[in-house]
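Take a look at the structure below.
2 protein chains.
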Amino acid sequence: MALFFGLENLRSPVLAPARAVANWEQELFMPSPAVAFARQNQARFLEELKDLLRIPSISTLPEHAGDVRRAAEFLVRELQRIGMEHVRLIETAGHPLVYADWLHAPGRPTCLCYGHYDVQPPDPLEEWLSPPFEPAERNGNLYARGAVDDKGQMYMHIKALESLMHAHSGQLPLNVRLLIEGEEEVGGEGIAEYLRQHPETLAADFALVSDTEMFASGLPTLCVGLRGMIYTELEVRGAKTDLHSGLYGGAAPNPFQALCWMLAQMKTPDGRIQIPGFYDELQAPSAAEMATWKRLPFDEEKLLHDEMGATALVGEANYSVLERLWARPTLEVHGMPGGFTGAGAKTVIPAKAVAKVSMRLAPEMQPQRTFERYKQFAESICPAGVTVEVRLIHFGDAIVIGTDNAYVRAATEALHTVFGRETVFIRSGGSIPIVGDFERHLKIPTVMMGFGLPDDNLHAPNEKFCIANFYDGIATLIDFFERLGK
Amino acid sequence: MALFFGLENLRSPVLAPARAVANWEQELFMPSPAVAFARQNQARFLEELKDLLRIPSISTLPEHAGDVRRAAEFLVRELQRIGMEHVRLIETAGHPLVYADWLHAPGRPTCLCYGHYDVQPPDPLEEWLSPPFEPAERNGNLYARGAVDDKGQMYMHIKALESLMHAHSGQLPLNVRLLIEGEEEVGGEGIAEYLRQHPETLAADFALVSDTEMFASGLPTLCVGLRGMIYTELEVRGAKTDLHSGLYGGAAPNPFQALCWMLAQMKTPDGRIQIPGFYDELQAPSAAEMATWKRLPFDEEKLLHDEMGATALVGEANYSVLERLWARPTLEVHGMPGGFTGAGAKTVIPAKAVAKVSMRLAPEMQPQRTFERYKQFAESICPAGVTVEVRLIHFGDAIVIGTDNAYVRAATEALHTVFGRETVFIRSGGSIPIVGDFERHLKIPTVMMGFGLPDDNLHAPNEKFCIANFYDGIATLIDFFERLGK
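Respectively, the protein sequence lines represent chains L and H. For the first sequence, position 309 matches number 309 in my numbering, and the numbering has no gaps at all. For the second sequence, position 323 matches number 1323 in my numbering, and the numbering has no gaps at all.
Structure, rendered in structure tokens:
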């Protein structure tokens, strides 16, 4: 058996000798019947995932609301087919939740599997090598919007459950609930609202989220920390109407110029955020955690040249890059709608301009308090002639997960079994607000076990998922569930 | 005769007692037969103008190229109909020129009438009270994109010529050439190229441009100075692809943030432009000219509240508002395309961002030299991690016209005859590059006699033209041509 879930595919030069060949073989372990079933069906699993990826379920664009629902209905049909129970759509103020469960393993733990079936907009379209909603295989990867974030990773849960059901005559080794949302990419409140109102219907011992990535190809990874975030808009208004820049330029307030002055004051070129009190509650990670980060196979040049393709890394020079990405807060501008953005020249001083600005927050920073400080600062530096409205679009708490529980231990062992290497514990600079909601409303910890790779182009053109990771992830999840059912 | 070209319509509270009732009547002058013809046909003239305004000849949008040509063909038919000769389209690399002449008045001066038939894009569409290409009359105004800039004003020339032709048995009192372009709003080089290559085919004694405005309603105005301009783009690039702001924020360069830092350094909040050498060649207007500006009925509060509707005028506090608008250079941001501009939230650090930036220039400032200084400064302040490309989109020279020639004197008298008030000499902060081209290539001065009003919303939603000014402008032009033919 030369190929097993693509484990021969040694992709990371950083990690040589990388991922061992199938550990089950090497150590003379036999794959379980469920793993064997998954292996036999991997081509079908991939085709099903492609069908799901063809649905452009872009949650932020109202014209795609029908597609978002179609993706939810696709999951309902699939969950019913594999034998899950109580499968249904749960309506929210926005896009629906998909729910299913199987709760016939008394005395065994209950896992709440979370994922999201919505995706980011694909723009800029012209930079995709193949259309974002026509999945394409190239070099062992599957390219499509949502391939890794999060349709591909969420679908691994379903395929692991299908394999277990099939291998155990319709039984699972533990109790499972699935809750899959359609508003993750827009920070929709539907799922949090449901958790708040119906925590008893989601009773579980822990949650499982596969929306994170491996630190490097072949290196099994558990994420134990996430930054929080707030997403905001600054809307600046000057004149009541657009003005001709020749006739009024020199005396008319310019909302774009005002935003530039304000945003230049928000953050210095060396990455220091200037909002008064912004860093007040911030604490450094423990010395022990930082020591483990130092041992990670982190290649700054690879991040800069291969992943980013930029001329220099930026930010706070007195913090390591991993610290800047995982433990330091940020402030970023995402776009500045308004004015004239077409080709050619229009000499307008626009009546208004908007900046879309988000901040990532370290664990100790409260989103609401940070927003208030930011709002107050923005208002205080708003220049003469314009007014500013500061809007909070959405927010999420930061998370730090302990590593001393049975679920994280089982995940560590499952990863070791499939990947044949020591699991590393990292943080992610991103935010998964739902993990905070699980902690707050359900009082449960979350295992963040993801199989994305650093170059998967999340939220960008040419998003992809390594097909071998899709298969290995399913095997790992099967092994994880079987361990917890022992 | 109670109504004469709408002169009873006293619109400017600043100027009370404003525009006298028809001066011809008051002083017992009889209107000429041509003026009488124009008065009798004013309703038809207005309907014809509406037909022209219905053509969305937006020169900057490639999808409207056919409409731009339709507008040119409309003018060709009309010029043929009224009896002009050699009427034709002159093809250019872009949109065509419209040419016509009538040269049978030996010993009389030759006037080159200039106008443009292209218009600005109408966005933001939702702010128009009536659709931009469905001309609507409200409160004595005609609302449409291009109503005043420049279809309405250009069409006055044609209607004055038609009236003269009709009243004088197919003759004109002077020689006339018309040259009407379709790329004024995009700074197209077609007309300048034609002037450079064929100056002999446009031989004339002076040019007439009606693309300026009256200082106040009822106050006859000649414009004797224009600012120059350069229109540029700053394109800033960071990573090779869009990045997730959670995963990369803190170490990845952000092109929008870089543009904000750069644009904040370009101009201080008190309006001082920081480009080294920017003001080096600048000279103040003469004491005499500034003294006349002080006597103009300028109402700063009216500019601020009625025209702009802003909370404060901005700019260089140690210069008067008129000096800031007419004689001081500016730097304005018109739009910042790139990144995510839709509704909702997308957490992207975009690979690139653009700022559309223009500068208005005082007479002594060379566009090309100013651009070089700007480019060098932008490159020198480009922050680490990003690169900047500085592009010149188009430019135009500033102009100062002398008032001591027969054409300006005739215009002054014609305006006095129709409006019954002393003509004022002003500058405009806008730019009409063609006036510099006439000076450079044809060696002729330009009479800038316009009938727009300060609140006509040029380049903005709800552009309008005061219908009384359309009629009075035609009468003034007839009188002007008849004076020059004496």
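Idealized CB from N, CA, C, for every residue including glycine. Everything numeric in this text was worked out from a predicted model, so none of it was measured.
### Query
By a C-beta neighbour count over all protein chains shown, 10 Å radius and 16 as the cutoff for buried, is residue 304(L) buried or exposed?
Result: buried.
### Message
What residue range does the alpha helix (DSSP H) around residue 1449(H) cover?
### Response
Counted as a single uninterrupted DSSP element, the stretch harbouring residue 1449(H) is not any alpha helix (DSSP H), since DSSP gives it neither H nor E.
### Message
Please identify the residue among 1090(H), 1425(H), 1276(H) and 1030(H) whose C-alpha is closest to the C-alpha of residue 1291(H).
### Response
The shortest C-alpha separation from residue 1291(H) is found at 1425(H).
### Task
Mind listing the chain H neighbours of residue 261(L)? Cutoff is C-beta to C-beta under 7 angstroms, in chain order.
Ordered by position in chain H, the residues that pass the 7 angstroms Cβ test against residue 261(L) are 1264 and 1269.
### Task
Measure the alpha-carbon distance for residue 1012(H) versus residue 1217(H) and round it to whole angstroms.
Reliability fails at residue 1012(H), whose pLDDT of 31 lies under 50, so the model's placement of it is uncertain and the value that follows must be treated cautiously. Taking the CA atoms as reference points, residue 1012(H) sits about 5 angstroms from residue 1217(H).
### Query
Taking buried to mean at least 16 other C-beta atoms within 10 Å of its own C-beta, is residue 533(L) buried or exposed?
This structure cannot settle anything about residue 533(L), because the visible part of chain L is limited to 1 through 486.
### Query
residue 1404(H): buried (16+ other C-beta within 10 angstroms of its C-beta) or exposed?
By the neighbour-count rule (16 or more Cβ atoms within 10 Å), residue 1404(H) is not buried but exposed.
### Task
Determine the direct distance from the alpha carbon of residue 1099(H) to that of residue 1206(H), and round the result to whole angstroms.
A direct Cα-Cα distance of roughly 16 angstroms separates residue 1206(H) from residue 1099(H).
### Query
Roughly how many angstroms lie between the CA atoms of residue 1073(H) and residue 247(L), to the nearest whole one?
Separation of residue 1073(H) and residue 247(L) (C-alpha to C-alpha, rounded to the nearest whole angstrom) is 31 angstroms.
### Task
Look up residue 1070(H) in the DSSP assignment and say whether it is helix, strand or coil.
Helix, per DSSP.
### 8 angstroms CB neighbourhood of residue 167(L) in its chain, flanking five on each side removed
Within the same chain, and ignoring the five residues on either side of residue 167(L) in sequence, the residues whose Cβ sits closer than 8 angstroms to its Cβ are 32, 33, 34, 36 and 37.
### Message
Please tell me whether residue 185(L) has its Cβ less than 9 angstroms away from any Cβ of chain H.
### Response
Answer yes: the Cβ-Cβ gap between residue 185(L) and chain H drops below 9 angstroms somewhere.
### Task
Using a Cβ-Cβ cut-off of less than 9 angstroms, give me the residues of the stretch 448-476 of chain L that come near chain H, in sequence order.
Here the close residues are 454, 457, 458, 459, 460, 461 and 462.
### Task
Check whether the Cβ of residue 1321(H) lies closer than 9 angstroms to any Cβ atom in chain L.
Cβ-Cβ to chain L under 9 angstroms: yes for residue 1321(H).
### Query
How should residue 268(L) be labelled, buried or exposed, when 16 other C-beta atoms within 10 angstroms of its C-beta is the threshold for buried?
Classification of residue 268(L): exposed, given that the 10 Å Cβ count is below 16.
#### Entry: Per DSSP, the bridge partner or partners of residue 181(L)
Residue 181(L) pairs with 116(L).
#### Entry: Pair within 9 angstroms by beta-carbon distance, residue 237(L) and residue 388(L)
Yes, the Cβ-Cβ distance between residue 237(L) and residue 388(L) is below 9 angstroms.
#### Entry: First and last residue of the uninterrupted beta strand (DSSP E) at residue 246(L)
Taken as a continuous stretch (DSSP letters only), residue 246(L) belongs to no beta strand (DSSP E), being part of the alpha helix (DSSP H) at 245-248.
### Task
Could you name the residues of the same chain whose beta carbon sits closer than 7 angstroms to that of residue 1186(H), not counting the 5 residues immediately before and after it, in chain order?
Here residue 1186(H) has 1059 and 1060 as same chain residues with Cβ atoms under 7 angstroms from its own Cβ, once five neighbours each way along the sequence are excluded.
#### Entry: Assigned secondary structure, residue 1487(H) (DSSP; H/G/I helix, E/B strand, else coil)
Since the first and last residues shown for chain H are 1001 and 1486, residue 1487(H) lies out of range.
#### Entry: Residue of 114(L), 354(L), 131(L) and 112(L) minimising C-alpha distance to residue 121(L)
Measuring from the Cα of residue 121(L), the nearest candidate turns out to be 131(L).
### Query
By Cβ distance below 8 angstroms, which residues in the same chain neighbour residue 1483(H) in space, the five residues on each side in sequence not counted?
In its chain, beyond the 5 residues on either side, 1410, 1413 and 1414 have a beta carbon closer than 8 angstroms to the beta carbon of residue 1483(H).
### Query
How many whole angstroms separate the CB atoms of residue 1209(H) and residue 1435(H), which I take to be in contact at a CB cut-off of 8 angstroms?
Sure, about 6 angstroms apart at Cβ, within 8 angstroms.
### Query
At what residues does the beta strand (DSSP E) containing residue 1141(H) begin and finish?
Taken as a continuous stretch (DSSP letters only), the beta strand (DSSP E) holding residue 1141(H) covers 1141-1143.
### C-alpha distance - residue 153(L) paired with residue 1348(H), whole-angstrom precision
Approximately 21 angstroms between the Cα atoms of the pair.
### contact_flag[the stretch 1247-1266 of chain H, the stretch 1465-1472 of chain H] where n(CB pairs < 8 angstroms) is 3 or more
Touching, no, given that fewer than three Cβ pairs across the two stretches are closer than 8 angstroms.
### Query
When you check each C-beta in the stretch 222-248 of chain L against every C-beta of chain H, which residues fall closer than 8 angstroms?
Listed in sequence order: 227, 229, 231, 238, 239, 240, 241, 242, 243, 244, 245, 246, 247 and 248.
#### Entry: Among 1235(H), 1064(H), 1265(H) and 1321(H), the one whose alpha carbon lies nearest that of residue 1300(H)
It is 1321(H) whose Cα lies nearest to the Cα of residue 1300(H).
### Task
Have a look at 1329(H), 1363(H) and 1234(H) and flag the residue whose alpha-carbon is nearest the alpha-carbon of residue 1274(H).
Of 1329(H), 1363(H) and 1234(H), the residue nearest in Cα terms is 1329(H).
#### Entry: Exposed unless 16 or more other CB atoms sit within 10 angstroms - verdict on residue 1406(H)
Residue 1406(H) is exposed by the Cβ-count criterion.
### Query
Bridge partners of residue 137(L), per DSSP?
Per DSSP, 142(L).
### Query
Is the shortest distance between the beta-carbon of residue 1190(H) and the beta-carbons of chain L less than 9 angstroms?
No, because no Cβ of chain L sits closer than 9 angstroms to the Cβ of residue 1190(H).
#### Entry: Contact list for the stretch 1415-1427 of chain H against chain L, Cβ threshold 8 angstroms
Using a CB distance below 8 angstroms, no part of the stretch 1415-1427 of chain H faces chain L.
### Task
Could you tell me how far apart the beta carbons of residue 1341(H) and residue 1190(H) are, in whole angstroms, since I believe they sit closer than 8 angstroms?
The C-beta separation of residue 1341(H) from residue 1190(H) comes to about 32 angstroms, leaving the pair out of contact by the 8 angstroms criterion.
### Message
Using a Cβ-Cβ cutoff of 7 angstroms, what residues of the stretch 1309-1334 of chain H are near chain A? List them in chain order.
### Response
The structure shown contains no chain A; its protein chains are L and H.
### Query
Of all the CB atoms in chain H, is at least one closer than 9 angstroms to the CB of residue 360(L)?
Between residue 360(L) and chain H, the shortest Cβ-Cβ separation is below 9 angstroms.
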